[in-house]
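Notes to accompany the following structure.
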């Protein structure tokens with residue numbers, strides 16, 4: 015992956031905004047000894063694009079199908095207390 019989405023309007027806008035955020039983070043990092051660089055965000059860029067394009071889904075039970083689409087009617091997200 016080259017770090018760029020296809021050249022749709024969405025892909026172009028997504029790249030532009032992500033570049034702005036990365037540039038801001040590099041410039042405004044409060045820890046000057048960190049020496050952040052644009053290249054430090056390569057993995058973040060790839061992961062972000064995979065989520066944004068639907069290549070990977072977040073590991074979230076709420077991302078399951080809706081009940082009317084055959085998904086669960088109820089998801090217990092409050093586990094029982096430890097005995």
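In my numbering, the protein residues as written are 15 to 97.
Just so you know, even glycine gets a beta-carbon here, dropped at the ideal spot from N, CA and C.
Check, Outcome
"Excluding the five sequence neighbours on either side, which residues of its own chain have a C-beta within less than 6 Å of the C-beta of residue 61, listed in chain order?", "none"
"Provide the residue span of the alpha helix (DSSP H) that contains residue 98, from first to last.", "Not covered by the structure: residue 98. The range shown for the chain is 15 to 97."
"For residue 16, which three-state DSSP category applies?", "Model confidence at residue 16 stands at a pLDDT of 46, short of 50, so the residue's coordinates are unreliable; what they give is reported in the following sentence. Reduced to three states, the DSSP call for residue 16 is coil."
"Buried or exposed: residue 36, going by 16 or more other Cβ atoms within 10 Å of its Cβ?", "buried"
"Helix, strand or coil for residue 25? Go by DSSP, reduced to three states.", "helix"
"Residue 65 and residue 54: beta carbons closer than 9 Å?", "no"
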